[in-house]
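I have placed the structure first, in the form of structure tokens, so that the comments after it can refer back to it.
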Amino acid sequence: MEQPVLADHPGRVGSRRPRARFGKALAPYLLSLPAGLWLLILFLIPLVVMLSLSLQTCNNATGACVMTWHWGEFWQQLSLYHGQFLNSFYYAGAATIIDLLISFPIAYWIAFYGGNKKNFFLLMLLVPFFVSFIIRTVVWQFILSDQGIILGGLKNAHLLPQSFHVLATGYAVVAGLAYNYLPFTALPLYVAIERIDRRILDAAYDLYATKRDAFLRIILPLTVPGLFAAFLLTFIPQLGDYVNQQVLGGTSNTMIGTVIQNAFLVNLDYAGGSALSAILLAIALIGIFAYSRLLGSRAIEDFL
Amino acid sequence: MTETHAASTAATYEQGDPGRASASGLPAIELAGVAKVFHSGSEVVTAVRAMDLQIVEGEFFSLLGPSGCGKTTTMRMIAGFEEPTSGTVYLHGRDVTGVPPNKRDVNMVFQSYALFPHMNVFDNVAFGLHRKGVAKDEIGRRVNEMLDIVGLTGRGQRRPRELSGGQQQRVALARALVNHPRALLLDEPLGALDLKLRQAMQVELKRIQREVGITFVYVTHDQNEALTMSDRIAVMNDGVIEHLASPREIYEHPATRFVAGFIGTSNVFNGTVARMAGDVAVLEMGASERILVPIGDRAVRAGDTLDVTVRPEKMDISTEQPSGDLCALRGTVTEVVYLGTSTNFSVTTSTGADIVVFQQNSATARDLADRGDSIWLSWQPQHSYPIG
Numbered sequence: 007m008e009q010p011v012l013a014d015h016p017g018r019v020g021s022r023r024p025r026a027r028f029g030k031a032l033a034p035y036l037l038s039l040p041a042g043l044w045l046l047i048l049f050l051i052p053l054v055v056m057l058s059l060s061l062q063t064c065n066n067a068t069g070a071c072v073m074t075w076h077w078g079e080f081w082q083q084l085s086l087y088h089g090q091f092l093n094s095f096y097y098a099g100a101a102t103i104i105d106l107l108i109s110f111p112i113a114y115w116i117a118f119y120g121g122n123k124k125n126f127f128l129l130m131l132l133v134p135f136f137v138s139f140i141i142r143t144v145v146w147q148f149i150l151s152d153q154g155i156i157l158g159g160l161k162n163a164h165l166l167p168q169s170f171h172v173l174a175t176g177y178a179v180v181a182g183l184a185y186n187y188l189p190f191t192a193l194p195l196y197v198a199i200e201r202i203d204r205r206i207l208d209a210a211y212d213l214y215a216t217k218r219d220a221f222l223r224i225i226l227p228l229t230v231p232g233l234f235a236a237f238l239l240t241f242i243p244q245l246g247d248y249v250n251q252q253v254l255g256g257t258s259n260t261m262i263g264t265v266i267q268n269a270f271l272v273n274l275d276y277a278g279g280s281a282l283s284a285i286l287l288a289i290a291l292i293g294i295f296a297y298s299r300l301l302g303s304r305a306i307e308d309f310l
Numbered sequence: 011m012t013e014t015h016a017a018s019t020a021a022t023y024e025q026g027d028p029g030r031a032s033a034s035g036l037p038a039i040e041l042a043g044v045a046k047v048f049h050s051g052s053e054v055v056t057a058v059r060a061m062d063l064q065i066v067e068g069e070f071f072s073l074l075g076p077s078g079c080g081k082t083t084t085m086r087m088i089a090g091f092e093e094p095t096s097g098t099v100y101l102h103g104r105d106v107t108g109v110p111p112n113k114r115d116v117n118m119v120f121q122s123y124a125l126f127p128h129m130n131v132f133d134n135v136a137f138g139l140h141r142k143g144v145a146k147d148e149i150g151r152r153v154n155e156m157l158d159i160v161g162l163t164g165r166g167q168r169r170p171r172e173l174s175g176g177q178q179q180r181v182a183l184a185r186a187l188v189n190h191p192r193a194l195l196l197d198e199p200l201g202a203l204d205l206k207l208r209q210a211m212q213v214e215l216k217r218i219q220r221e222v223g224i225t226f227v228y229v230t231h232d233q234n235e236a237l238t239m240s241d242r243i244a245v246m247n248d249g250v251i252e253h254l255a256s257p258r259e260i261y262e263h264p265a266t267r268f269v270a271g272f273i274g275t276s277n278v279f280n281g282t283v284a285r286m287a288g289d290v291a292v293l294e295m296g297a298s299e300r301i302l303v304p305i306g307d308r309a310v311r312a313g314d315t316l317d318v319t320v321r322p323e324k325m326d327i328s329t330e331q332p333s334g335d336l337c338a339l340r341g342t343v344t345e346v347v348y349l350g351t352s353t354n355f356s357v358t359t360s361t362g363a364d365i366v367v368f369q370q371n372s373a374t375a376r377d378l379a380d381r382g383d384s385i386w387l388s389w390q391p392q393h394s395y396p397i398g
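The listed protein sequences correspond, in order, to chains W and U.
For the first sequence, the working numbering gives the first residue as 7, with consecutive numbering after it.
For the second sequence, the working numbering gives the first residue as 11, with consecutive numbering after it.
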């Protein structure tokens with residue numbers, strides 16, 4: 007009885023299904039095409055170029071480079087600039103810790119006590135960052151300058167010796183880094199804290215938890231993915247930052263970002279600059295991997 | 011397991027005994043003149059109005075009402091999450107008004123379970139015991155014992171999100187019960203489960219309550235849940251307890267029109283008392299149509315208007331005028347719905363009231379009426395109940 011029905015639509019059922027299935031199978035790839043192209047052109051190709059440049063030898067006069075597989079470049083750069091690498095890690099590490107310590111109370115307060123003004127407070131947090139990065143940093147130069155509004159006043163009041171200075175020290179660099187990257191720490195933390203179900207806290211209090219118990223055993227563990235994201239978003243860019251060091255630091259506290267920038271733009275040493283960048287990338291990747299194995303990815307898996 | 015407990019649960023749910031006293035003679039939970047007012051902006055919302063309530067040690071007590079009736083607020087005041095605007099909360103005779111939740115010897119099962127997502131089942135259940143400083147091996151013993159009781163033996167290492175809704179529910183229950191609280195507060199704990207599971211958990215909850223002997227205070231908007239499990243029910247509306255009694259009493263003799271409408275299906279007639287025959291009021295509704303209402307100790311005289319409620323399953327449908335001392339009304343069938351075990355008739359009476367009648371499809375049942383038929387409704391006078 008069903009035979010005539012099929013005969014009325016010869017081949018239709020047979021041909022439509024596979025095409026629809028084909029389109030369906032292709033859809034995710036088509037949708038990811040823009041992002042894929044973006045990553046290819048702006049990330050993958052420059053990365054490959056940079057890595058290959060680090061193994062080439064360049065003629066300083068003409069700027070022409072030839073691939074020589076010169077692995078020695080890495081050791082040479084590392085032995086020349088390991089001090090600057092260490093500076094970068096110290097300063098970025100210190101600034102990240104400061105950012106986490108400052109951001110956590112802010113994010114916590116906005117998430118728990120912001121009420122219906124949460125978005126307003128978040129905007130207030132971000133408003134200073136509508137101003138250009140360079141200008142903000144230069145303003146810090148004014149603020150921290152030897153006879154500026156803070157130090158000048160304290161010196162005039164004889165609370166500080168005349169020789170006291172902050173600019174051109176590591177402290178100024180750390181202060182600038184901490185200030186400039188604060189939102190990158192505060193926002194992921196805020197998202198993580200905001201997401202904690204208040205009823206879970208009610209349950210903790212119901213089960214005899216003190217405020218301290220609830221914070222240490224519920225809020226803090228549930229914020230770990232946010233802490234991890236905040237750490238990555240703050241520490242990694244700070245590691246390669248050169249603006250803060252150049253504007254607020256001095257010659258004795260050069261960070262690796264400044265060295266790389268000079269290699270590319272001043273010395274035109276593309277191979278050296280590329281090698282330094284590759285080393286920085288490798289160290290950062292190893293660090294992230296170790297960190298995520300330690301507490302990051304497992305915790306993230308548990309909550310997402 | 012579920013089936014074996016079903017029969018005993020059905021037997022116990024009618025044993026409501028409001029006068030039962032606790033061992034210590036003090037009620038497990040007492041609210042004295044408790045009121046709660048919320049201010050949101052310029053708006054003032056009274057959630058609970060001057061409530062007096064005594065919950066007896068070891069009973070299964072339900073707060074039943076529609077959303078926004080104040081039942082959850084009442085429970086949160088017992089738990090300590092809300093402080094009453096006025097009035098006093100006593101737990102076993104101790105004034106706990108102003109005492110924070112972590113210092114009250116009651117535990118709560120939350121509507122959404124509120125399990126700690128970063129801890130496994132064992133650690134979730136052990137949380138309260140750790141906070142109380144119970145010794146480690148004692149904790150292990152009590153947690154495993156409680157996991158056995160709720161049927162989660164060997165699931166201690168699972169994470170909450172690896173469990174089904176029903177299992178999460180059991181974890182939440184175990185997490186509260188393991189602390190041996192003086193009372194367990196349950197805030198619509200079965201709301202997120204599907205019907206089958208909900209019915210199974212109702213039986214389970216009743217079994218667990220019998221097993222541990224702890225006072226349960228159960229908040230729900232589901233009348234069936236309340237009727238199935240409770241020793242006593244407080245039906246709340248608009249911040250006030252409208253009726254507090256055993257499930258049977260509440261169903262058979264609802265105190266107010268609201269209770270009659272909220273618990274099950276109910277037919278409400280309004281009429282004028284023609285005369286009194288002893289303590290029975292007679293409402294003449296038409297030619298040989300009448301409703302007889304035993305009025306108990308109410309002061310009712312001829313000429314008064316009276317609201318009368320009759321449950322749909324108490325009524326009979328017949329084609330001939332019923333004889334004897336029965337309540338009788340004439341009507342027209344407007345709809346017949348066959349439901350398997352019973353048939354559901356919609357009837358418009360001669361006075362214009364739309365009512366519902368349930369008839370059991372028993373072995374002797376016959377097709378009583380079709381749509382459009384003129385029929386007689388009749389019922390025993392003791393099933394007429396005055397309200398309002």
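Each residue gets a CB set at the ideal place from its N, CA and C atoms; glycine is no exception.
Remember, it's a predicted structure, so these values are computed and weren't measured experimentally.
- Chain U places a beta carbon closer than 8 Å to that of residue 205 (chain W), counting this residue as a contact.
- Contact check for residue 173 (chain U) and residue 181 (chain U): beta-carbon distance about 7 Å, within the 8 Å limit, so the pair qualifies.
- Residue 248 (chain U) and residue 121 (chain U) have their C-alpha atoms roughly 21 Å apart.
- Setting aside the 5 residues that flank it on each side, residue 155 (chain W) is surrounded in the same chain by 148 and 149, each with a C-beta closer than 8 Å to its C-beta; the list follows chain order.
- Residue ranges of uninterrupted alpha helix (DSSP H) with 4 or more members, entirely inside the segment 195-250 of chain U and ordered along the chain, are 205-222 and 233-239.
- Judged by DSSP secondary structure, residue 62 (chain U) falls within the beta strand (DSSP E) whose first and last residues are 53-65.
- Using beta-carbon distances, residue 170 (chain U) does not count as an interface residue toward chain W, since no partner is under 8 Å.
- Burial is judged here by how many other beta carbons sit within 10 angstroms of a residue's own beta carbon; residue 239 (chain U) has at least 16 and is buried.
- The residue from W:259, W:214, W:196 and W:213 with its alpha-carbon nearest to that of residue 232 (chain W) is W:196.
- By the neighbour-count criterion, in which a residue is buried when 16 or more other Cβ atoms sit within 10 angstroms of its Cβ, residue 118 (chain U) is buried.
- Residue 165 (chain U) carries a coil assignment under DSSP once its states are collapsed to helix, strand and coil.
- Judged by DSSP in its simplified three-state form, residue 218 (chain W) adopts helix.
- Comparing C-alpha distances from residue 285 (chain W) to each of W:268, W:299 and W:262 shows the shortest one belongs to W:262.
- Contact of residue 184 (chain U) with chain W is not assigned, every C-beta pair being separated by 8 Å or more.
- Counting the other CB atoms within 10 Å of its CB gives residue 348 (chain U) a total below 16, which places it among the exposed residues.
- For residue 159 (chain U), the uninterrupted alpha helix (DSSP H) segment begins and ends at 146-159.
- Interface residue (Cβ-Cβ distance to chain W less than 8 Å): residue 304 (chain U) is not classified as such.
- Each of U:214, U:235 and U:187 was checked against the Cα of residue 213 (chain W), and the nearest Cα belongs to U:187.
- For residue 92 (chain U), the secondary structure class from DSSP, reduced to helix, strand or coil, is coil.
- Here the alpha carbon of residue 30 (chain W) sits roughly 14 Å from the alpha carbon of residue 38 (chain W).
- Taken through DSSP and simplified to helix, strand or coil, residue 120 (chain U) comes out as coil.
- With contacts defined by Cβ atoms closer than 8 Å, residue 227 (chain U) and residue 73 (chain U) form a contacting pair.
- Residue 222 (chain W) has its alpha-carbon roughly 45 Å from the corresponding atom of residue 272 (chain U).
- For the 8 Å CB-CB criterion, residue 341 (chain U) and residue 320 (chain U) do not form a contact.
- Chain order gives the chain U residues near residue 227 (chain W) as 128, where near means a beta carbon separation below 8 Å.
- The segment 95-108 of chain W makes contact with the segment 184-193 of chain W: 3 or more CB pairs, one atom from each, lie closer than 8 Å.
- The Cβ-Cβ distance between residue 283 (chain U) and residue 313 (chain U) falls below 8 Å.
- A direct Cα-Cα distance of roughly 26 Å separates residue 345 (chain U) from residue 294 (chain U).
- Beta-bridge pairing by DSSP links residue 328 (chain U) to U:386.
- Given a length threshold of 4 residues, each whole run of the alpha helix (DSSP H) inside the segment 38-83 of chain W is given here in chain order: 51-59.
- According to the DSSP assignment, residue 370 (chain U) belongs to the beta strand (DSSP E) that extends over 364-370.
- By the neighbour-count criterion, in which a residue is buried when 16 or more other Cβ atoms sit within 10 angstroms of its Cβ, residue 367 (chain U) is buried.
- The Cβ neighbour count for residue 299 (chain U), taken over all protein chains shown within 10 Å, is at least 16; the residue is labelled buried.
- DSSP, read as helix, strand or coil, puts residue 38 (chain U) in coil.
- For chain W, the residues of the segment 139-154 of chain U that bring a beta carbon within less than 8 Å of one of its beta carbons are 141 and 142, in chain order.
- The beta carbons of residue 235 (chain U) and residue 212 (chain U) sit closer together than 8 Å.
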